[in-house]
Amino acid sequence: MKFFSLLSLILIITLSSCTTVRVASDYDKQANFDSYRSFAFYKPGIDKAEINDLDKKRILRAIESDMKAKGFAKSSDPDMLVSIFTKTRENVNVYNNNWNWGWGWGPGWGYGWGWNPWFWGANNNTVSRVTEGTLYIDLIDASKKELIWQGMGTSALTKNVDKKQEKMNEIVSAILKKYPPLANK
């Protein structure tokens, strides 16, 4: 029963960390977001992003798809430039499972109901490592070259090549739900 409860807890934590994207955004309150109708990628900014070229392509495909779904046109003479940058970090979680409750016997305790570190064994620790990535999407006024909106999404990353585009789509979609900012009020 204890093993089943521990396994259930680990499964719930793993599944919730895999599907959750924490999102935040900020914007220039003076910007007129209704005036932006077209976009292009800001190559100098994208080139600086510290991520491999395959993942850059995945992110840019997801952004382009979401922007077009919002009614924006990709253009060589855009109103708005799109740039990205990324950060990653590894989270190490240690779950200490040494506390046991149940019926048993231990030194100095006699027998009966209570806490007993010797009853089911000690050092039942579980360690999990999760790489978490943060994607920033910057929207820049093309004529003024000023940042007008920034969205940020943080989520656990996958190493499964077949799932990477799906994960990038999920992260980008969660971030761009915050744009334009007036639609969220």
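Using mature numbering (1 follows the signal peptide of the UniProt record, and there is no 0), the letters of the sequence shown map in sequence onto residues -24 to -1, 1 to 161. Even for Gly, the Cβ is constructed at its ideal location relative to N, Cα and C. A quick note: this is a predicted structure, and the numbers were derived from the prediction, not measured.
Ordered along the chain, which non-local residues of its own chain (more than five positions away) have a Cβ less than 6 Å from that of residue i?
i: G129; result: V(-4), V(-2), L111, I147, A150, I151
i: K121; result: none
i: R37; result: none
Rank the options by C-alpha distance to the C-alpha of residue i and give the top, closest one.
i: F48; options: V137, R34, F17, N28; result: F17
i: S1; options: G21, D117, L123; result: L123
i: K153; options: S11, D31, S41; result: S41
i: I22; options: N67, K120, I39; result: I39
i: N67; options: D138, K135, V103; result: V103
i: N136; options: D31, K19, Y3; result: D31
i: Y3; options: K120, L115, D138, T134; result: L115
i: L5; options: D138, T134, Q126; result: Here residue 5 is Lys; the residue named in the question, Leu, does not match the sequence. Comparing Cα-Cα distances from K5 to each of D138, T134, Q126, the minimum goes to Q126.
Sort out for me which residues DSSP pairs residue i with in a bridge.
i: G126; result: What sits at residue 126 in the sequence shown is Gln, not Gly. Note: Q126 sits in a beta bridge opposite D2, D114.
i: S131; result: G109
i: S59; result: D114
i: residue 166; result: Nothing can be reported for residue 166: it is not among the residues displayed for the chain, which extend from -24 to 161.
i: N67; result: V106
With a CB to CB cut of under 7 Å and the five nearest residues on each side skipped, what residues in its chain are close to residue i?
i: R34; result: K140, Q141, M144
i: P156; result: F9
i: D29; result: none
For the putative contact between residue i and residue j, defined by C-beta atoms under 8 Å, what is the C-beta separation to the nearest angstrom?
i: I113; j: I27; result: The Cβ separation is near 13 Å, so there is no contact.
i: T62; j: A7; result: In fact, because the Cβ distance is near 24 Å, the residues do not count as touching under 8 Å.
i: D55; j: R13; result: 6 Å
i: L57; j: A118; result: 5 Å
Just to confirm my understanding: we take residue i, look at its own chain, exclude 5 residues before and 5 after, and list those with CB closer than 8 Å. What are they?
i: K50; result: S14, F15, A16, E40, M43, K44
i: S11; result: D55
i: T64; result: T107, E108, G109, T110, L133
i: K46; result: L152, Y155
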